[in-house]
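First up is the structure itself, then whatever we jot down about it.
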Amino acid sequence: MNGPAVEIEYLRKRYGGFEALAGVSLSVPRGSVFGLLGPNGAGKSTMIKSLLTIIRPTECRGRMLGMPIGHRATLGKVGYLPEHARFAEYLTGREVIAYSAGMTGVPVRETRGRVDRLLETVGMKAWGEKKLGTYSKGMRQRIGLAQALVNEPEIVFLDEPTDGVDPEGRIDIRKMIEGMKAEGRTVFVNSHLLGEVEQVADQVAILSHGKVIRSGSVAELTGTGKHFEIRTLGPVPSVLREKLEAAGLQVAGDKVGVPAKDAGEVQSVIDALRAAGVVIRELKESRQTLEELFLSAVQGARQEGGQP
Amino acid sequence: MRAAMTILWDSFRLLQAKKLFWIALGISMLVALFYASIGFNAQGMTIFFGWKEFENPLLRQGQPEAAAFYVLLFTDVILKFWLAWIAVALALLSTASIFPDFIAEGSIGISLSKPVGRLRLFLLKYFGGLLFVALQVAVFTVIVFLALGWRTGEWNLTVFWAVPVVTFVFSLLYSVAVWIGVWTKSTLFALLGAFLMWGVALLGQWTESFLYQAAHLVPESGIEFDYRTGQQTEKDEVEKNSTAIDFHKTAKAVVTPLPKTRDCTTYLKRLIKMEERDSMLAGVTFDMLLSGSLPDPKMSGAMKRNDERHSFWYVFGTSAIFEAVVLSLAAWVFCRRDY
Numbered sequence: 014m015n016g017p018a019v020e021i022e023y024l025r026k027r028y029g030g031f032e033a034l035a036g037v038s039l040s041v042p043r044g045s046v047f048g049l050l051g052p053n054g055a056g057k058s059t060m061i062k063s064l065l066t067i068i069r070p071t072e073c074r075g076r077m078l079g080m081p082i083g084h085r086a087t088l089g090k091v092g093y094l095p096e097h098a099r100f101a102e103y104l105t106g107r108e109v110i111a112y113s114a115g116m117t118g119v120p121v122r123e124t125r126g127r128v129d130r131l132l133e134t135v136g137m138k139a140w141g142e143k144k145l146g147t148y149s150k151g152m153r154q155r156i157g158l159a160q161a162l163v164n165e166p167e168i169v170f171l172d173e174p175t176d177g178v179d180p181e182g183r184i185d186i187r188k189m190i191e192g193m194k195a196e197g198r199t200v201f202v203n204s205h206l207l208g209e210v211e212q213v214a215d216q217v218a219i220l221s222h223g224k225v226i227r228s229g230s231v232a233e234l235t236g237t238g239k240h241f242e243i244r245t246l247g248p249v250p251s252v253l254r255e256k257l258e259a260a261g262l263q264v265a266g267d268k269v270g271v272p273a274k275d276a277g278e279v280q281s282v283i284d285a286l287r288a289a290g291v292v293i294r295e296l297k298e299s300r301q302t303l304e305e306l307f308l309s310a311v312q313g314a315r316q317e318g319g320q321p
Numbered sequence: 011m012r013a014a015m016t017i018l019w020d021s022f023r024l025l026q027a028k029k030l031f032w033i034a035l036g037i038s039m040l041v042a043l044f045y046a047s048i049g050f051n052a053q054g055m056t057i058f059f060g061w062k063e064f065e066n067p068l069l070r071q072g073q074p075e076a077a078a079f080y081v082l083l084f085t086d087v088i089l090k091f092w093l094a095w096i097a098v099a100l101a102l103l104s105t106a107s108i109f110p111d112f113i114a115e116g117s118i119g120i121s122l123s124k125p126v127g128r129l130r131l132f133l134l135k136y137f138g139g140l141l142f143v144a145l146q147v148a149v150f151t152v153i154v155f156l157a158l159g160w161r162t163g164e165w166n167l168t169v170f171w172a173v174p175v176v177t178f179v180f181s182l183l184y185s186v187a188v189w190i191g192v193w194t195k196s197t198l199f200a201l202l203g204a205f206l207m208w209g210v211a212l213l214g215q216w217t218e219s220f221l222y223q224a225a226h227l228v229p230e231s232g233i234e235f236d237y238r239t240g241q242q243t244e245k246d247e248v249e250k251n252s253t254a255i256d257f258h259k260t261a262k263a264v265v266t267p268l269p270k271t272r273d274c275t276t277y278l279k280r281l282i283k284m285e286e287r288d289s290m291l292a293g294v295t296f297d298m299l300l301s302g303s304l305p306d307p308k309m310s311g312a313m314k315r316n317d318e319r320h321s322f323w324y325v326f327g328t329s330a331i332f333e334a335v336v337l338s339l340a341a342w343v344f345c346r347r348d349y
């Protein structure tokens with residue numbers, strides 16, 4: 014099926030006088046890993062919950078997997094790992110996954126095989142028969158991921174999947190997300206851990222105060238802050254430094270930052286440095302990190318909104 | 011269907027995980043075994059499989075009174091006190107947390123994000139909670155059925171009415187616990203609410219019963235009671251007191267919308283049919299049989315009218331309406347809420 018996995022035309026959610034989502038619109042391409050970023054309270058979880066009918070949106074227009082958002086049967090093609098997922102302590106890992114299988118209508122004869130495979134995929138094969146009460150946080154997240162995949166969903170929503178998980182576990186989860194993408198699934202990840210999202214996401218949207226303030230592909234968004242960095246042997250002479258700064262370049266000690274889209278624009282700076290007898294020891298192309306982009310976008314939004 | 015079975019199976023696993031379920035089941039088994047240990051011989055009644063003997067002119071092997079006593083022991087003592095009181099209280103303690111736990115943050119999301127409607131999810135979860143009592147009473151009643159057949163030779167299938175009736179009684183209180191649990195998300199409030207409703211309902215039913223006895227049973231039994239001196243005299247005919255009748259009518263009107271927890275279990279006596287008892291021993295109580303005496307026809311007639319004063323509709327119909335209203339409120343809160 015063609016078309017985006019999720020196409021939100023307009024999504025609004027009010028809690029009394031508080032607007033959690035102020036008319037959001039975004040598009041999630043099929044087969045991509047989509048990262049929804051935002052500070053705490055930005056409305057990330059509210060958006061996912063609205064798409065999954067856990068929250069009743071005040072106003073919602075859009076489609077998910079080609080059907081109107083909220084279409085009950087479509088939820089059978091969706092997987093979900095909630096933030097701070099709480100599974101019944103009296104169940105074993107295998108039973109948690111089997112419960113999700115039953116709820117999504119996976120035939121009984123297929124359930125056992127799928128559960129076995131998923132326990133293996135998430136590295137919990139040896140723990141499948143043990144009660145959840147004996148699991149660590151990381152183990153619960155792995156089981157949570159497995160239950161989200163048991164119905165072989167077309168789209169998987171992961172709300173803060175690495176929250177409380179140790180670095181090794183985070184790497185594993187990242188690999189699992191990459192695996193989901195390789196299988197052709199769309200993965201929608203909510204996270205405030207920007208470094209991780211940057212490593213796996215194709216597309217991101219930044220949400221602040223219930224509004225999407227920036228969205229696009231990771232390469233496109235981080236590419237807007239592309240610059241070159243020149244390192245010199247010893248500090249840049251003060252006379253030259255003043256000239257470079259006057260030209261809009263950033264100079265700090267032995268480092269010169271040149272905002273430029275391609276290397277051609279840097280040549281004149283190199284020439285000026287060389288003419289002044291400065292020895293260049295390093296030249297590198299640098300992109301804005303997702304974190305820098307996020308911070309500048311969120312701060313910009315705060316200033317626009319008149320907040321400190 | 012698959013989702014429904016999954017939710018019910020999950021409810022069963024939840025019960026299995028509760029210690030109170032096994033404790034209640036264990037006590038049930040002991041009570042049922044004690045019941046099965048009661049027998050009759052040529053002298054009277056025996057307990058603990060013949061270990062102890064009690065002489066009784068009425069309760070002798072082969073006598074219809076003995077069979078009736080055996081049924082009455084189930085309906086008037088074990089069912090009334092163990093199943094309808096203690097087992098229901100234990101079940102409430104065990105199940106009050108089901109909905110508050112289910113709707114907790116991080117827990118409900120997984121179920122709600124599946125292709126199962128909220129109302130269906132709510133109702134299946136609710137019926138899953140009723141399994142606690144239904145399973146207990148079912149196991150208990152099977153033992154009682156076998157014991158009854160063994161001791162009296164009567165394989166009385168009507169004893170199985172205990173399963174739906176006691177489960178219904180529990181469901182009346184559980185619906186209140188569910189409503190408050192869904193509304194407040196608190197197990198404590200859910201429990202308090204259910205026990206409070208139980209108390210209010212019992213108080214109402216006791217008052218109605220007491221006023222009926224004063225207005226109808228006592229005069230119909232040929233007893234005149236002086237409420238100022240406390241003196242009672244037996245007469246052939248006693249005129250009913252119109253004030254007492256009015257009080258009773260008012261009490262009945264007040265009690266009508268409440269759940270009839272006590273009256274439902276009392277009504278069970280009428281549902282468990284026993285040919286001998288129903289024809290010969292109408293109006294005879296458990297205490298009378300135990301003491302080896304039978305009442306005079308006037309009193310037994312009055313007792314029978316007392317036992318049968320409420321219609322099926324009054325007892326079960328009004329209770330079902332109460333439950334439907336409370337459950338609708340709970341379902342409405344559950345379906346409308348954001349999680």
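Heads up: the sequence lines are chains W and G, in that order.
Residues in the first sequence are numbered consecutively from 14, following the numbering used here.
Residues in the second sequence are numbered consecutively from 11, following the numbering used here.
Just so it is clear, CB atoms sit at the ideal spot from N, CA and C, and this is done for glycine as well.
Taking the beta carbon of G/M15 as reference, the chain W residues within 8 Å of it are G115, listed in sequence order.
Separation of G/K314 and G/R280 (C-alpha to C-alpha, rounded to the nearest whole angstrom) is 10 Å.
Under a 10 Å Cβ-count criterion, G/Y45 is classified as buried, with 16 or more other Cβ atoms of the shown protein chains found around its own Cβ. For G/G127, a Cβ of chain W is located within less than 8 Å of the residue's own Cβ. Less than 8 Å separates the beta-carbon of G/N166 from that of G/L158. Residues of the stretch 118-140 of chain W with a C-beta atom less than 9 Å from some C-beta of chain G are G118, V119, P120 and V121, listed in chain order.
In the three-state reduction of the DSSP assignment, W/K239 falls in the coil class. For W/K62, at least one C-beta of chain G is nearer than 8 Å to its own C-beta. Interface annotation, G/L83: not in contact with chain W, CB-CB separation never under 8 Å. Put simply, of G/L221, G/N316, G/G232 and G/L68 the residue whose alpha carbon is nearest the alpha carbon of G/T253 is G/L221.
Sorting W/E209, W/S221 and W/G51 by C-alpha distance to the C-alpha of W/A314 places W/S221 at the top. Distances from the CA of G/T85 to each of G/V143, G/T295, G/T266 and G/P307 were compared; the closest alpha carbon is that of G/T295. Inter-residue distance for G/I17 and G/L134 is about 7 Å (C-alpha atoms, whole angstroms). According to DSSP, residue pairing for W/L171 in a beta bridge involves W/L94 and W/V202. Contact of W/P95 with chain G is assigned, a C-beta pair being separated by under 8 Å.
Chain G places no beta carbon closer than 8 Å to that of W/G106, leaving this residue out of the contacts. Residues of chain G whose Cβ lies closer than 7 Å to the Cβ of W/G89 are, in chain order, P125. 8 Å or more divides the Cβ of W/E258 from the Cβ of W/V252. Here G/G209 is exposed, its C-beta having fewer than 16 other C-beta atoms within 10 Å. Below 8 Å, enough C-beta pairs join the stretch 176-193 of chain G and the stretch 334-344 of chain G to call them touching: three or more.
Membership of G/E115 in any beta strand (DSSP E) is not indicated, and neither H nor E is assigned to it by DSSP.
With contacts defined as CB atoms closer than 8 Å, G/F31 and G/S104 qualify as a contacting pair. Sequence-distant partners of G/P267 (beyond 5 residues in either direction) whose C-beta falls short of 7 Å from its own C-beta, in its chain, are T328 and F332.
At a cut-off of 8 Å between beta-carbon atoms, G/A101 makes no contact with chain W.
In the three-state scheme derived from DSSP, where H, G and I count as helix and E and B as strand, G/F59 is classed as coil. Scanning chain W for C-beta atoms nearer than 7 Å to the C-beta of G/S117 yields R99, reported in chain order.
Around the beta-carbon of W/P248, fewer than 16 other beta-carbon atoms lie within 10 Å, marking it exposed.
Under a criterion of Cβ atoms nearer than 7 Å, no residue of chain G is adjacent to W/Y148; the nearest Cβ is some 14 Å distant.
C-alpha of G/G139 to C-alpha of G/D20: approximately 10 Å in a straight line. In terms of beta-carbon proximity, G/R23 lines the interface with chain W, with at least one pair separated by less than 8 Å. The C-alpha of G/A204 lies about 11 Å from the C-alpha of G/V98.
Around the Cβ of G/F112, a 10 Å sphere holds 16 or more other Cβ atoms; the residue is buried. Rounded to the nearest whole angstrom, the CA to CA distance from W/L145 to W/K188 is 23 Å. Counting the other Cβ atoms within 10 Å of the Cβ of W/Y23 gives fewer than 16, which makes it exposed. Shown here for G/V147: same chain residues with a beta carbon closer than 7 Å to its own, the five before and five after excluded, namely L93, A172, V173, V176 and T177 in chain order.
Between the stretch 211-230 of chain G and the stretch 248-262 of chain G, the count of C-beta pairs closer than 8 Å reaches three or more; the two stretches touch.
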